[in-house]
Amino acid sequence: MLLITHLAFVKMLLKLCISSVHGIFGSILKKVCLWVDKQVPSRTGVIESVKNERNHAERTAKDVTTPTSVNYHFTRKCNYKCGFCFHTAKTSFVLPIEEAKRGLHLLKEAGMEKINFSGGEPFLHERGDFLGEMVRYCKEELQLPSVSIVSNGSMIKERWFKKYGKYLDILAISCDSFDEDTNQVIGRAQGQKSHIDNLFRIREWCQDYKVAFKLNSVINTFNIDEDMTENITQLNPVRWKVFQCLLIDGENAGENSLREAERFVISEQQFQDFLNRHSSIKCLVPESNEKMRDSYLILDEYMRFLDCREGRKDPSKSILDIGVEEAIQFSGFDEKMFLKRGGKYMWSKADMNLEWISRVR
Ligand SMILES: C[S@@+](CC[C@H](N)C(=O)[O-])C[C@H]1O[C@@H](n2cnc3c(N)ncnc32)[C@H](O)[C@@H]1O
Ligand code: SF4
């Protein structure tokens, strides 16, 4: 009887030992697992990065163009009437937001690092909320290094900066003259509203909401003799793109075009004279017709690449139907010229020296 009681006691002790050893090992094991999880990316992360590397290797082997920097003209509608405009309101189509996001995701998978939203006027559709949501999606979800917009500026409100400013790297505003009458003649205006006052207001908002401010100007017969040095110095943009007015068949020249821009066209020499007059401005980036024509990857409102090699905009099939790799073969993109015109620059505000944040002088 005594022996049975002893055996039962030993059995109980053994059980107790096993369960505490189990407990101790269990918690050590849990801690080790947690630590390993922190050091090594998740399984899906590893799979994703292996997949990306494989995609990249396959693409390089096939010598496929990478869509590093893409311009998405998601709308053609505009509230201005610039007489030289080369992207006119031929349709009023805009993709549903989920389709636009799907396309942006495809571009990211194909290697996109920078997206620029353009138009038409990008702030027109849904009062800028459609644009804002794409900007947020590209920065927050796709984590693109650079998200930018080019706009005439007339529809931008401070509430837009409050809501979406943190997702935007660069805002480019187009201004071709610092003379209101010239802007009226060009058509760079809505009614009698001052394009220039608005430009300076937006410059301040860029300052306040930490968005890099850029300026675009189209040099044409109506502004060719202007000296913009003082105003540009005051605005102090990170980059001042100076374009020679370009003709595109079917857009601003030839049959079926909505604009006739021949009267705006200037010669190479006239363009050079304008550049010489502004040679003291360090942020000036000139773009002659030759540099501009094929050095942009342009997507239209259907997400079709536009090939400008023949002097018109010939569309590919949509990347939403055939994928980026196939569509990009019909883009006519000249990567060498893209690099030559300085297409790759410091385009992420995270990398920028915050000098540009200095107040408007
Ligand atoms: C088509 S607009 C669309 C964005 C916006 N509506 C704006 O004007 O900024 C994009 C850029 O192209 C420029 N642009 C328009 N027509 C041009 C032309 N014929 N030659 C060179 N640049 C042109 C505009 O000044 C603007 O900087
Ligand atoms: S260039 Fe002028 S007309 Fe053309 S989209 Fe821009 S603001 Fe509108």
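If you count by mature numbering (1 follows the signal peptide of the UniProt record, and there is no 0), then the sequence shown holds residues -23 to -1, 1 to 338, one letter each, in order.
Each residue gets a CB set at the ideal place from its N, CA and C atoms; glycine is no exception.
- The beta carbon of Phe70 lies closer than 6 Å to those of Glu278 in the same chain, with the five residues before and after it left out.
- Contact between Phe138 and Met111 is absent: CB atoms are separated by about 16 Å, not below the 8 Å threshold.
- For Glu264, the enclosing beta strand (DSSP E) starts and ends at Leu261 to Glu264.
- Rounded to whole angstroms, the separation of the alpha carbons of Gln249 and Glu207 is 19 Å.
- For Gly96, the Cβ falls inside the 7 Å cut-off from some heavy atom of ligand 1.
- Per the DSSP secondary-structure output, Tyr49 pairs in a beta bridge with Phe94 and Leu276.
- Around the CB of Ser257, fewer than 16 other CB atoms lie within 10 Å, so the residue is classed as exposed.
- With fewer than 16 neighbouring CB atoms inside 10 Å of its own CB, Ser171 falls in the exposed class.
- Segment contact: the region 231 to 242 against the region 177 to 193, fewer than three CB-CB distances shorter than 8 Å; contact not assigned.
- By the Cβ neighbour-count rule, Glu287 is exposed, with fewer than 16 other Cβ atoms within 10 Å of its own.
- Ala189 is positioned such that its CB atom lies closer than 8 Å to that of Lys326.
- Two segments are said to touch when three or more pairs of C-beta atoms, one from each, lie closer than 8 Å; by this definition the region 163 to 180 does not touch the region 140 to 147.
- Rounded to the nearest angstrom, the Cβ distance from Leu274 to Ser123 is 14 Å, too far for a contact under 8 Å.
- Nearest Cα to Trp217 within the set Pro263, Glu203 and Gly96: Pro263.
- With a cutoff of 7 Å, Cys62 counts as near ligand 1, since its C-beta is closer than that to a heavy atom of the ligand.
- Straight through space, the alpha carbons of Phe63 and Phe310 are spaced by roughly 18 Å.
- In the same chain as Glu103, and ignoring 5 residues on each side of it, no C-beta atom comes closer than 8 Å to its own.
- Selection Ile92, Gln246, Thr42 and Phe199 evaluated against Trp324 yields Ile92 as nearest (Cα-Cα).
- DSSP places Trp217 in the uninterrupted beta strand (DSSP E) bounded by Arg216 to Gln221.
- For Ile296, the three-state secondary structure derived from DSSP is helix.
- If you look at Phe70, you'll find it isn't in any alpha helix (DSSP H); DSSP assigns it neither H nor E.
- Cβ-Cβ distances below 8 Å link Lys294 to Arg281, Glu303, Ala304 and Phe307 in the same chain, with the five nearest sequence neighbours on each side left out; the list follows chain order.
- By alpha-carbon distance to Met329, the top candidate from Ile243, Asn200, Cys115 and Pro214 is Pro214.
- Of the candidates Asp158, Lys85 and Gly130, the residue whose Cα lies closest to the Cα of Gly96 is Gly130.
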